[in-house]
Each structure stands twice: as structure tokens, then as C-alpha cells.
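Peer 1:
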Amino acid sequence: VFIRRQMFLPPYKTHYLLSRIDLDELMKKDEPPLNFPKTLEEFEYAFNEQGRLRHTTTGEAYVFNAREDLHRWNQKRYEALGEIITHYVYQLLETKCNLTKEIVPVDATEEEPRSFIYMSADGMSNPTKLLVLIQGCGVVRAGQWARRLIINQDLDSGTQIPFITRAQEEGYSVMVLNPNENHLEVERPAKPTALPSPEASDEPAEKRERKDDRESKKKRDFYEKYRNPQKESETEQIPIRENGSPEEHVLYAWDHFVSKAAARNVFVVAHSYGGLSLVELLIQREAQVKNRVCAVAMTDSIHNIWHQDASKSIQEWLQQHCRNWVSSPEPLDTPVEPMLSDCPRVSAGTERHELTSWRSFNSIFQFFSEALQTEEEETSNTVTTRSSHRTKPDHDHNHNDL
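Here it is as C-alpha cells:
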């Protein structure tokens, strides 16, 4: 009954209660400092044997809303954990997958911003097969498909590690690109704020004080509405030379690593924006890509052959050498009506964009095996045909045409 009465207070009494609230006391209810742990251990989280992130004390999954009504603080906490996850995945690439970092640009000085890719020990020397992994855009870095999956589901679905280990088991060398590491972020020096001089103002002192009171109240009201009192430091971005965008990075990795590798057949898995970057590479290096790449598996790629102005010859090549596993309610590998006349589209067996790579995992390697078999058969037939042409006797030729 008490609660009901409170809910239906007359407007003048509601206003009276609100006027009694001490705004200075409310201002003390700042959100917690934006200082977060630097390691998983300090966060009190760890990955269990199934690769799932769990609280070390409660065993519960990660909880985003650690503090009610503090969305910005919760988001910043999530991003801080994400940065730890990024370095955790790097560590797994190096320890579990035995990959090593290769710095880009390859001729970078110590002073300039740098990025890197990951490569297996036989990345440049394996004579047969090379697998190149290209993620989508956003916060994910080398070795990740989706940060959300790593935190909320497991390492297998969210990282590229299953693709790397499977590829190594099947005799591929591996290159893991890092298309979203495009700049170095540095803190911008704070600009000194000039305080207005009372003498410089033509306003009477009393009017200025009333104006200041109004401004002060506005600021307090703004704070109470958005609970956002902490000012973050301003930063500026210094681009990494020749790697300032995902498209630039993929092109650079091709020119300095992939194209120089010994592998006769290159295979590519490109997720989301990675598919767009791959098509852009095709446009820039069409002859090279066609000569080296055996098959491309896209997962929910967002490329567009019209907007990217892909030539008819590129469209035809995509139809023959590419397959796009798209988010769909249909069962895995069910053909999906193509939107444009490029690569065939099949269902990834999930409607979740970020899950398409993991759900199509086995189908992708089957697709690669079939593509390689077709390539080897065509090569064998070409060699046989050339051989038979060389052994034909001279009298088979029509000398009148010479």
C-alpha cells in the first residue's frame, strides 16, 4: 500500500521531494575508476579444459553487467578484458600452434609504427600447400574470428586455432594476417585551457554569477542523466606504413609474403570484411592471384563485385574457385540463391554472422581437398596432353599451313 501511495503522489508533492535531493551528494556517486586488471588472473577469469571462459571462484560465465546502470563502465571493462584476450590468443598462436611473428612493414625502423602477421616455420618453404587466414574488421586481431565468441562461448568457435591445427595436420603451411592493426594510438598532449578574465567581460558581476549558477545546474543535470563524469584522454592515430587499412594490409602481405612463398597452391579463408579485402586483392593483382590461389572459402563475406568494380574475368574466376558460406536458417551446405553473379553461396548452418566460420569448418577443408584434387587432375591432363603433342610424328602436321 505504501508503495502504491508513493507512485501516485500529486505532482506538487513529487516536485517537493525532488527539490529536497542534495545534488552535491548525488555528485559523489561517481562511477568506479576506469582502471581495470591487466591479466586474466587479476580479472579472476580463466579458460577451462573446454576452452570456455569461467570465473575462477564461482565457475560462472562472464557477466557483462557487473555494475547495474553503469553501461559505459561495463563496456570499458569488457574492452579491457578484450585486450587481455587478444594477447592471450597471441600466446596460444606461438605456444600451441608454433607460429612466429613477422614484422610489417618488413623494412620498418625502430621508431616507426609497426604491425605483424603470424607464420608457421615452413610458411615460405612448404612446396605444396599454404593456408592464408583473413579475419573481418573491428577489434579482432590476428588469430581471432570474433571476440564475443571467445568471451561468451569458447576458444574453438571464436579463434582461428582449429583452422591452424587442422591445416598443419593436413600438410599446409599457414599465414595468419592481421588486417585490423592499422595504426599506433598515442595520447594527444592536453591543450592548456585559458580562463576568462573577469575584467575582460562587459557583463555585470551579478549577471555573471546567475549565469554561472545556471551553467553549473546544467552540468549537474547532465551528469545525473548520463552518469559519465570521467573524461578520457584524447588520442591520435599514426598509420602504419603501407598497412593503413585492411585492404592495404592484405595487399602488402600478398606482395611480401604470400606471393614469395614456395607453395604451388594457396588456399584462403576470408571472413566478412576479409572477403572484401580478398576481392580488392584480386582487382589489384589479378594475374598473380589466379596463378597461385587454388580455392577461396569465404564466410558471410560482405564483398560486392559491383561496388568494387570487379571485372567479368574476376567474376568468372570467383564462380569457379570460391564458395561463400553465408548465415542462413538452412542446413549446412544447402545452396543459397546468389545475390550477384560471383561465387556460389551455401548455408553455414547458422543465422549468426560471427559463427559462420566455425560452423562451416569441416565443409571448408572438404572444399579445399576437392579443389586441390581437381587442380592436380587438370595439371596432370595438361602435362599428358603436352607430352602427346611432343611425340606426334611430323607427317601428322599439315605442311601446307606452315
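This note's numbering numbers the first residue of the sequence shown as 63 and each following residue consecutively. Virtual Cβ for every residue (Gly too), placed ideally from N, Cα, C.
Using the DSSP secondary-structure output, state which residues sit across from N21 in a beta bridge.
Peer 2: Within the shown structure, residues of the chain are numbered from 63 to 464, placing residue 21 beyond reach of any answer.
Peer 1: With a Cβ-Cβ cutoff of 8 Å, do R228 and F427 count as a contact?
Peer 2: Mapped onto the sequence shown, residue 228 falls at position 166. Mapped onto the sequence shown, residue 427 falls at position 365. It is a contact, given that the beta carbons lie within the stated cut-off.
Peer 1: Does the region 179-189 come close enough to the region 321-333 that 3 or more CB-CB pairs lie under 8 Å?
Peer 2: The region 321-333 is in contact with the region 179-189.
Peer 1: DSSP three-state label for A372, please.
Peer 2: Here residue 372 refers to the residue found at position 310 of the sequence shown. Correct three-state label for A372: coil.
Peer 1: Starting from the C-beta of A433, find all residues in its chain whose C-beta is less than 8 Å away, skip the five residues before and the five after it, and write them out in chain order.
Peer 2: The sequence position of residue 433 within the sequence shown is 371, counting from 1. Same-chain partners within the cutoff: F329, C356, A357, H383.
Peer 1: To the nearest whole angstrom, what separates the beta carbons of M237 and I179, a pair I think is in contact under 8 Å?
Peer 2: Mapped onto the sequence shown, residue 237 falls at position 175. Mapped onto the sequence shown, residue 179 falls at position 117. Indeed, because the Cβ distance is near 6 Å, the residues count as touching under 8 Å.
Peer 1: Based on DSSP bridge pairs, tell me the residues matched to F105.
Peer 2: Indexing the sequence shown from 1 puts residue 105 at position 43. Answer is none; F105 lacks a bridge partner.
Peer 1: Could you compute how far the alpha carbon of V320 sits from the alpha carbon of E104?
Peer 2: Position 258 of the sequence shown, counted from the start, is the residue given in the question as residue 320. Position 42 of the sequence shown, counted from the start, is the residue given in the question as residue 104. So the alpha carbons of these two residues sit roughly 39 Å apart.
Peer 1: So, under 8 Å CB-CB, Y107 and L115 are touching, yes? Tell me the CB distance rounded to an integer number of Å.
Peer 2: Counting from one through the sequence shown, the residue named residue 107 turns up at place 45. Counting from one through the sequence shown, the residue named residue 115 turns up at place 53. Yes, they are in contact, since the Cβ atoms of Y107 and L115 sit about 6 Å apart, within 8 Å.
Peer 1: Taking only the alpha-carbon atoms, compute the straight-line gap between Q137 and R347 and give it to the nearest angstrom.
Peer 2: By 1-based counting over the sequence shown, the position of residue 137 is 75. By 1-based counting over the sequence shown, the position of residue 347 is 285. Going by the C-alpha atoms only, they are around 40 Å apart.
Peer 1: Please return the same chain residues whose Cβ sits closer than 7 Å to the Cβ of W379, not counting the five positions on each side in sequence.
Peer 2: What you label residue 379 is simply residue 317 of the sequence shown in a count that begins at 1. Cβ neighbours of W379 beyond the five flanking positions: K352.
Peer 1: Below 7 Å CB to CB, which residues in the same chain sit around T113 once its five sequence neighbours on both sides are set aside?
Peer 2: Here residue 113 refers to the residue found at position 51 of the sequence shown. Per the sequence shown, residue 113 should be read as Gly rather than Thr. Answer for G113: D216, L217, D218, listed in chain order.
Peer 1: Suppose you measure from the CA of E261 to the CA of Y140; what does that come to, to the nearest Å?
Peer 2: Residue numbering aside, residue 261 sits at position 199 when the sequence shown is read from its first letter. Residue numbering aside, residue 140 sits at position 78 when the sequence shown is read from its first letter. Note that E261 scores a pLDDT of 47, beneath 50, so its modelled location is shaky; the value from the coordinates is reported in the next line. Rounded to the nearest angstrom, the two C-alpha atoms are 48 Å apart.
Peer 1: Which whole runs of the beta strand (DSSP E) in the region 157-227 are 3 residues long or more, in chain order?
Peer 2: With a minimum length of 3 residues, the continuous beta strand (DSSP E) runs that stay inside the region 157-227 are 162-166, 177-181, 191-196.
Peer 1: Indicate the three-state DSSP secondary structure (helix, strand or coil) for K287 in the structure shown.
Peer 2: Residue mapping note: residue 287 aligns to position 225 of the sequence shown, counting from 1. Its pLDDT being 44, under 50, K287 is placed unreliably by the model, and the measurement read from it follows with that caveat. K287 falls in the helix class under three-state DSSP.
Peer 1: Is K158 buried or exposed, if buried means 16 or more other CB atoms sit within 10 Å of its CB?
Peer 2: What you label residue 158 is simply residue 96 of the sequence shown in a count that begins at 1. K158 should be labelled exposed.
Peer 1: Shortest alpha-carbon distance to R414 belongs to which of T361, L102, K374?
Peer 2: Here residue 414 is taken as the residue at index 352 of the sequence shown, counted from 1. Looking at the Cα atoms, T361 is the closest of the given residues.
Peer 1: Give me the DSSP bridge partner(s) of M360.
Peer 2: Translated into the one-based positions of the sequence shown, residue 360 becomes position 298. According to DSSP, M360 bridges with A332, N386.
Peer 1: For the region 124-131 against the region 156-172, do three or more pairs of beta-carbon atoms, one drawn from each stretch, fall closer than 8 Å, so that the two count as touching?
Peer 2: Contact between the region 124-131 and the region 156-172 is absent, because fewer than three Cβ pairs lie under 8 Å.
Peer 1: May I ask you to report which of helix, strand or coil DSSP gives R407?
Peer 2: On the sequence shown, residue 407 is found 345 positions in, with the first residue counted as 1. Note: R407 maps to strand in three-state DSSP.
Peer 1: Taking buried to mean at least 16 other C-beta atoms within 10 Å of its own C-beta, is H333 buried or exposed?
Peer 2: Counting from one through the sequence shown, the residue named residue 333 turns up at place 271. Under this definition H333 is a buried residue.
Peer 1: Can you tell which of E249, Y150, P189 has the C-alpha that lies nearest to the C-alpha of H203?
Peer 2: Translated into the one-based positions of the sequence shown, residue 203 becomes position 141. As written in the sequence, residue 203 is Arg, which differs from the His given in the question. It is Y150 whose Cα lies nearest to the Cα of R203.
Peer 1: Can you tell me whether Q435 is buried or exposed? The criterion is at least 16 other CB atoms within 10 Å of its CB, across all chains shown.
Peer 2: Walking along the sequence shown from the start, residue 435 turns up at place 373. So Q435 ends up on the exposed side.
Peer 1: Kindly indicate the opening and closing residues of the beta strand (DSSP E) around E298.
Peer 2: Locating residue 298 in the sequence shown gives position 236, where the first residue counts as 1. 297-301 is the extent of the beta strand (DSSP E) around E298.
Peer 1: Rounded to whole angstroms, what is the Cα-Cα separation between I213 and L192?
Peer 2: Here residue 213 is taken as the residue at index 151 of the sequence shown, counted from 1. Here residue 192 is taken as the residue at index 130 of the sequence shown, counted from 1. Looking at the two C-alpha atoms, the distance is approximately 29 Å.
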